[in-house]
Ligand SMILES: Nc1ncnc2c1ncn2[C@@H]1O[C@H](COP(=O)(O)OP(=O)(O)OP(=O)(O)O)[C@@H](O)[C@H]1O
Ligand SMILES: [Mg+2]
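Numbering (our numbering), first residue to last: 18 to 473.
Spelled out as structure tokens, the structure:
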């Protein structure tokens, strides 16, 4: 397990209080800052787990705007950091505003170290827990080795792969470009008894028609001009392993007949050769073409279609996989940031919304390309929608609604806990009427316990 983050940042402009806190929290690795600029610099440099931040910071020491600005900048930079805001005595309103901005908790002056100790300790515990959860969920999101998915349809695909892999059944994988057809084909091979054999792929769209036959079945010396020595075809080299016929929808008709013969009899003849050679391979096919339509149009042999499609696996496009977009994006971001040695931690909220809303016509492959570029382009610790090259306009609207709701729920929870479950007092804290608060509690289904003897 990774080493625990033991860093506490104290942001306090009062020198006396600062050094008092510094000495007090000597069980942590404490760093200090006296204003917004030095606080943000410290977050960049040291990535503290917990921050204890005075809300009244210079230059408007008596006001709090600079304090709010500091919170916003830190949250944007390091969203997982737990900020505990220190406010003036009875300054609930600003404390709640800070919570709504994403601060974790608040504490009111004058400082009473025992209580503060507890709050800080809990913040560290929560930070550890969340870090551990993220680590676990990262490693649990791979239902099949090499396949990142949590969408129910994709999980079904993974179960089919597990079932069909040990058999000799010929599989046909259908899906748009970039949906992971080759990933699934390799997974079938790797889970099969042929895993130690070769996985030989041939892209039927990439080989010129006149070379396809020799590419597939090989040739004898002298079979045609330039055939200077016997050469094995892809089918023969896959003997004992799996043969992946990619883009099978692009195979020319004359070759479809020869392929069918091989699939039925499992023997090949090299070009210019006379003997039949039996080959033992597992065949996996893939295409992004609509084969049924091609059969109807006469461009794909119906008998071949039924022969290769003993088992059809349909890969849904990325836009239809619920929850997978951001899951894949996080996985890929981690991968590329690691490869490029960039200390990028995650996506900004606008990037998350943009990733969710974008249609991804090029599917996973497009996401790979966009994120590779974003990792190189990003300036800060977070990738923004602009870094990925995605528009934010409508994405932001949806996102803003979510942010507002989250903020409201957090503020209401906090108010209820501060008021010890007394709804009238909580409503007063929030500056709304009691019926309004009840409505909100119902709307967001907030659980809380009312005191047994309410005082009013
Ligand atoms: N579920 C997934 N988890 C992780 N990586 C994936 C997943 N699906 C696809 N990829 C990655 O996306 C890229 C495209 O996948 P792949 O080549 O298998 O797609 P394809 O359907 O064969 O595309 P094409 O039709 O363009 O050939 C690959 O780099 C692959 O590693
Ligand atoms: Mg492919």
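No residue lacks a Cβ here, since even glycine has one placed at the ideal position from N, Cα and C.
Remember, predicted model here, so these are calculated numbers, not experimental data.
Spatial neighbours of residue i in its chain, beta-carbon cut-off 6 Å, leaving aside the 5 residues before and after
i, result
"residue 375", "407"
"residue 75", "30, 52"
"residue 95", "60"
"residue 120", "88, 100, 102"
"residue 325", "187, 189, 302"
"residue 170", "333"
"residue 108", "none"
"residue 38", "27"
"residue 182", "205, 208, 209"
"residue 42", "25"
"residue 112", "104, 123"
For residue i, the first and last residue of its enclosing alpha helix (DSSP H)
i, result
"residue 170", "169 to 181"
"residue 558", "Because the chain here runs from 18 to 473, residue 558 falls outside it and cannot be looked at."
"residue 251", "251 to 254"
"residue 359", "Element bounds for residue 359: n/a, residue is neither H nor E."
"residue 389", "380 to 394"
"residue 319", "319 to 325"
Limits of the beta strand (DSSP E) - the one that residue i falls within
i, result
"residue 190", "188 to 191"
"residue 124", "122 to 125"
Close-in-space but distant-in-sequence residues of the same chain around residue i (CB under 7 Å, 5 per side omitted)
i, result
"residue 222", "264, 267"
"residue 383", "195, 377"
"residue 420", "366"
"residue 463", "426, 429, 430"
"residue 272", "229, 230"
"residue 298", "252, 255, 256, 258, 259, 260"
"residue 312", "319, 322"
"residue 356", "none"
"residue 122", "101, 136, 140"
"residue 442", "436"
"residue 391", "400, 404, 405"
Residues bridged to residue i [DSSP beta-bridge criterion]
i, result
"residue 400", "364"
"residue 259", "216, 299"
"residue 453", "Partner(s): none; residue 453 has no beta bridge."
"residue 330", "190"
"residue 27", "49, 69"
"residue 161", "164"
"residue 242", "In the DSSP output, where bridge partners are listed per residue, residue 242 has none listed."
"residue 248", "236"
Cβ shell of residue i (< 8 Å), same chain only, five flanking positions each side left out
i, result
"residue 35", "27, 29, 49, 51"
"residue 177", "328, 330"
"residue 284", "293, 294, 295, 296"
"residue 395", "359, 361, 401, 404"
"residue 199", "218, 261, 263, 303"
"residue 80", "73"
"residue 144", "22, 66, 67, 97, 98, 99"
"residue 461", "422, 425, 426, 429"
"residue 497", "No statement about residue 497 is possible, as the shown extent of the chain runs from 18 to 473 and does not include it."
Could you give the uninterrupted runs of the beta strand (DSSP E) lying entirely in the region 35 to 119, keeping only those of 3 residues or more? Within the region 35 to 119, the runs of beta strand (DSSP E) at least 3 residues long that lie entirely inside it are, in chain order, 46 to 50, 67 to 71, 99 to 104.
So within the region 267 to 312, which uninterrupted alpha helix (DSSP H) runs reach at least 4 residues, ignoring any that extend past its ends? Scanning the region 267 to 312 from its first residue to its last, the whole alpha helix (DSSP H) runs of 4-plus residues come out as 270 to 282.
Which ranges would you report for the alpha helix (DSSP H) in the region 196 to 240 if only whole runs of at least 4 residues count? If we require 4 residues or more, the alpha helix (DSSP H) runs fully inside the region 196 to 240 come out as 198 to 207, 226 to 234.
May I have all residues whose beta carbon comes closer than 7 Å to any heavy atom of ligand 2, sorted in chain order? Output, sorted by chain position: 198, 199, 263, 303.
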